[in-house]
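Everything below concerns the one structure shown next.
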Amino acid sequence: MTFEAQWLEYDYNPFILFSSNGKIISLNTEAQFLLGGVTHNEIFELATTYANVTFGFKTTFIELEFGRYKIFGLTVGYENEDEIGIKLYQTPSFKIRSPKPNGELTNIYTLVDLCISSNSISRKIIFTKEFDPTIPEIVIDSNHFIKLLNKIYLCFKDSSKIDTKIYYRVGEYIKF
Numbered sequence: 047m048t049f050e051a052q053w054l055e056y057d058y059n060p061f062i063l064f065s066s067n068g069k070i071i072s073l074n075t076e077a078q079f080l081l082g083g084v085t086h087n088e089i090f091e092l093a094t095t096y097a098n099v100t101f102g103f104k105t106t107f108i109e110l111e112f113g114r115y116k117i118f119g120l121t122v123g124y125e126n127e128d129e130i131g132i133k134l135y136q137t138p139s140f141k142i143r144s145p146k147p148n149g150e151l152t153n154i155y156t157l158v159d160l161c162i163s164s165n166s167i168s169r170k171i172i173f174t175k176e177f178d179p180t181i182p183e184i185v186i187d188s189n190h191f192i193k194l195l196n197k198i199y200l201c202f203k204d205s206s207k208i209d210t211k212i213y214y215r216v217g218e219y220i221k222f
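Under the numbering used here, the letters of the sequence shown match residues 47 to 222, in that order.
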């Protein structure tokens, strides 16, 4: 078996090659499992229904379900009257879970003011603020943000002046 044939054989998506009268000529491993839940005649009918009018290949996005198989599209192709192939594209069986943001909707300026107020007590540091008023409330873990900002201010406890700026940097990134 060639390397190219192995790619087709072990593909996640079912592939079946039919003769013109609907008999299976070739199929990959995944198609064998698919045929456990659907007849080859149903798949052949799909192939002939969604085939291009002239020779060639045609991809169609369509939602189908065969047992555990959920299909979102198929490609049908033929180059002569003797053979027609169909490849069914499976919907991934897992969902990518993005973690939900931890925290609550908060006005970041209020948190900065709170930290400045608590750090200016019994210190002769001049705090200046430069805020971008267009920044909306954001979802943030207030406790962690306050602890972090207090640690940052603590690093500069011997300074005479601390500038705090909050704004969006567009088009800039940290290079590693």
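Think of the CB as a built atom: it goes at the ideal place given N, C-alpha and C, for glycine as much as any other residue.
Computed from a predicted structure; not experimentally measured.
Have a look at residue i and residue j and give me their C-alpha separation to the nearest angstrom.
i: Thr-174; j: Glu-109; result: 59 Å
i: Ser-166; j: Asp-209; result: 13 Å
i: Asn-74; j: Ile-181; result: 54 Å
i: Lys-193; j: Tyr-199; result: 10 Å
i: Val-99; j: Phe-49; result: 32 Å
i: Ser-72; j: Ile-62; result: 6 Å
i: Gln-52; j: Tyr-58; result: 12 Å
i: Gln-136; j: Phe-118; result: 6 Å
i: Ser-205; j: Asp-159; result: 18 Å
i: Asn-87; j: Phe-64; result: 10 Å
i: Thr-94; j: Phe-140; result: 31 Å
Using only CA atoms, which one of the options lies nearest to residue i?
i: Phe-107; options: Leu-80, Phe-140, Leu-92 and Val-99; result: Leu-92
i: Cys-161; options: Phe-191, Glu-127 and Thr-95; result: Phe-191
i: Thr-121; options: Ala-97, Ile-70 and Glu-150; result: Ala-97
i: Leu-157; options: Ser-188, Ala-51, Leu-134 and Lys-211; result: Ser-188
i: Asn-126; options: Gly-102, Lys-207 and Tyr-213; result: Gly-102
i: Ser-66; options: Tyr-56, Pro-60, Glu-76 and Gly-123; result: Gly-123
i: Gly-68; options: Glu-55, Phe-90 and Ala-77; result: Phe-90
i: Pro-179; options: Thr-94, Leu-195 and Ile-212; result: Ile-212
i: Ile-154; options: Lys-133, Phe-140 and Leu-195; result: Leu-195
i: Glu-176; options: Tyr-214, Gly-131, Thr-95 and Asp-204; result: Tyr-214
i: Glu-116; options: Ile-186, Asp-128, Phe-202 and Glu-76; result: Per the sequence shown, residue 116 should be read as Lys rather than Glu. Lys-116 has its Cα closest to that of Glu-76, out of Ile-186, Asp-128, Phe-202 and Glu-76.
Counting along the chain, where does the beta strand (DSSP E) carrying residue i start and finish?
i: Lys-197; result: Element bounds for Lys-197: not the beta strand (DSSP E) but the alpha helix (DSSP H), 188 to 201.
i: Ile-132; result: 129 to 136
i: Glu-176; result: 172 to 177
i: Ser-65; result: 61 to 65
i: Asp-209; result: 207 to 212
I need the boundaries of the alpha helix (DSSP H) containing residue i, first residue and last residue.
i: Asp-159; result: 154 to 166
i: Glu-50; result: 49 to 55
At the 9 Å Cβ level, is residue i part of the contact set with chain B, yes or no?
i: Lys-211; result: Judged by its chain identifiers, the structure shown contains no chain B, having just a single protein chain.
Does the count of Cβ pairs from the region 143 to 150 and the region 80 to 87 closer than 8 Å reach three? no
With a floor of 3 residues, list each beta strand (DSSP E) that falls wholly inside the region 74 to 144, ordered by position along the chain. 102 to 112, 115 to 124 and 129 to 136
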